[in-house]
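Let me begin by presenting the structure, written as structure tokens, before commenting on it.
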Amino acid sequence: MIQFFSNNTQIKKKHRIELTTSEQWRSMEFPFCHDVGKYEKLMKVGQGTFGEVFKARDRSSSRLVALKKILMENEKEGFPITALREIRILQLLDHDNIVNLIEVCRAKTSPNNKLRATFYLVFEFCEHDLAGLLATIRFTLPEIKKMMQMLLNALYFLHFNHILHRDMKTSNILMTKSGVLKLTDFGLARAVHSGKDYRYTNRVVTLWYRPPELLLGERNYGPAIDMWGTGCIMAEMWTRAPIMQGATEQMQLNLISKLCGSIHTPIWPDVEKLEFFNKMELAQNLKRCVREKIKIYAKDTNGVDLVDHLLILDPSKRMDADTALNHDFFWSDPMPCDLGPTLSRVPTSLFELHTVRRGKVAGAAPPANNNNQQRQKQRAGQMSNAIYDRVF
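With UniProt numbering applied, the sequence shown covers 1 to 392.
The following block contains the structure:
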């Protein structure tokens, strides 16, 4: 069944993707996958948890694309589940503010890689990511309104169709040089079922953008986890740095409590039932100060109010994408404006600039879905010795 929306976007019919064993992968010729040689690699623009990203050019049409190499080195059971999910979900989605998956390509087999094929996801190329832009540009209020409007449109589309992104952060938001926002990186995304008690992993969402319910062990969650990250991103458009930069789950909870107030039952009923509620040290008698902190950077009253409603501790009371799109922030002067003129003046691509900057100064945010405790401790130690801006 195809569902149509007012902005002419649609969800395509589902395509079933079968998992295969390692032995099957070794014997496959993949006749429907083009060879990645049809694209000329120009430069490496990113390195993520699940793969490398290259800027490339289609040799026949000269079209610029982004090639995301799927890391297969540690996969013993064939194709990575994260890549399968990303492919499947992106095949279902068609929206102006969600990155377009063009095709899946493979590298030619050789004596060296014959037993482990290399695959690439081919995306439309976007010149910038939001993290890099925020490190360089101070956006105006109308421009921030436009970016938030596009981001919330993408989230409304996802959530309406029961899909969670589960890794909201500025480096997963791309911008074209013409000023169109594209939500990307669906490696942690998944379809969810409403009205039933499903238990999903809570090891998702990059730590600095992870909502309190996940930090406290919630496994039956919904769209509200994406909305918390959206609130962090919106605040970051003014602060130009992540607003809560914890090195560990405990530190992140402390920063959340310091900004949003103490976590307890009067403001969040049944929170004590969450798995880690009695295992974490939760500060008491802290007052909520989101508005006071945000208004130092954002001089717009409606903008401060929207951030405040997105950073509600209780996920059941947190503002959803539909309500946020109807907030006065978007319907009061100055109105949202086109970002094309501003981005057209940016001399070079700022894609993944934040990775280079933080790599030299502070290290990246702790990633999502990392179950290796030793590696996490090492990363926390590195971050605690680093120098980087803490906003709140």
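Cβ coordinates follow ideal geometry from the N, Cα and C atoms, glycine included.
The bridge partners DSSP lists for F277 come to none. A contact is defined here as three or more CB-CB pairs under 8 Å, and the segment 84 to 96 fails this definition with respect to the segment 136 to 147. Under the DSSP definition of a beta bridge, Q47 partners with E52. A straight line joining the alpha-carbon of L93 with that of Y156 spans about 12 Å. Within the same chain, F54, A56 come within 6 Å of K41 by CB-CB distance, once the 5 residues on both sides are set aside. With a threshold of 16 other beta carbon atoms within 10 Å, D322 falls short and is exposed. Excluding its 5 nearest sequence neighbours in each direction, N302 has C-beta neighbours in its own chain below 8 Å: H327, D328, F329, S332, listed in chain order.
Judged by DSSP secondary structure, C232 falls outside any beta strand (DSSP E) and instead within the alpha helix (DSSP H) spanning 224 to 239. DSSP, reduced to helix, strand and coil, places D300 outside both helices and strands of the structure shown, so it counts as coil.
L183 has I98, I173 as its beta-bridge partners, per DSSP. For the options C105, K108, D129, K287, the alpha carbon positioned closest to that of K258 is the one of K287. Going by beta carbons, V290 and D305 fall outside the 7 Å limit.
With respect to the C-alpha of G51, the residue from L121, N100, S60 having the closest C-alpha is L121.
When rounded, the separation of the alpha-carbon atoms in D58 and D185 is 22 Å.
Distance between H34 and R63, taken at the CA atoms: about 16 Å. The beta carbons of L274 and E218 sit closer together than 7 Å. For Y120, the enclosing beta strand (DSSP E) begins and ends at 119 to 124. Your pair T230 and L164 does not check out as a contact, with CB atoms roughly 12 Å apart and the cut at 8 Å. Classified as buried, G246 has 16 or more neighbouring CB atoms from the shown chains inside 10 Å of its CB.
Counting along the chain, the unbroken beta strand (DSSP E) around A66 starts and ends at 64 to 70.
The closest CA to that of L174, considering only L130, A117, P223, D300, is found on L130. Just so you know, the alpha carbons of L214 and L339 end up roughly 34 Å apart. Going by C-alpha positions, R240 is about 9 Å away from T136. The alpha carbon of A83 has as its nearest neighbour, out of A189, P142, W268, the alpha carbon of A189. Looking only at I225, G179, N202, the smallest Cα-Cα distance to F276 is reached by N202. CA-CA distance, N172 to L325, rounds to 20 Å.
Ranked by Cα distance from D320, the options L152, A107, F79 are led by L152. Here E124 really is in contact with I102; their C-beta atoms are around 7 Å apart, less than 8 Å.
According to the DSSP assignment, I144 belongs to the alpha helix (DSSP H) that extends over 141 to 160.
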